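Using the numbering used here, the first residue of the sequence shown is number 3, and each one after it goes up by one.
We put the CB at the ideal spot given by N, CA and C, even for glycine.
These numbers come from a predicted model, not from an experiment.
Shown next, in structure tokens, is the structure this report addresses.
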Amino acid sequence: MQRAGTYLPDPVMEHEQVDWMLVSVSECPNSEAEEYFIRTYFRVPHEPFGPRGAFVRPVEVRRTRNWVLFRQVSGILY
Numbered sequence: 003m004q005r006a007g008t009y010l011p012d013p014v015m016e017h018e019q020v021d022w023m024l025v026s027v028s029e030c031p032n033s034e035a036e037e038y039f040i041r042t043y044f045r046v047p048h049e050p051f052g053p054r055g056a057f058v059r060p061v062e063v064r065r066t067r068n069w070v071l072f073r074q075v076s077g078i079l080y
């Protein structure tokens, strides 16, 4: 099973990408561990800037009983 990757929702335009990582609950038991994974593996969020409007959104964290999903969207505006 793949544990991390990058997904392009629209491979033709390539204006947005989703970086994701899947971690077991035993590796990430609490919010302190979540913050560690976010600081270590993801980019710092920022508002659109520059001529093309490059942006990075904050990391979304979703939990199930066995897994923790980290997801961050970034791209450019047109």
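- In this structure, E18 sits near V75, with a CB-CB distance shorter than 8 Å.
- For T42, the enclosing alpha helix (DSSP H) begins and ends at S33 to Y43.
- The C-alpha of A56 lies about 6 Å from the C-alpha of L79.
- By alpha-carbon distance to G77, the top candidate from P13, S28 and R5 is P13.
- P11 and R73 have their alpha carbons spaced roughly 13 Å apart.
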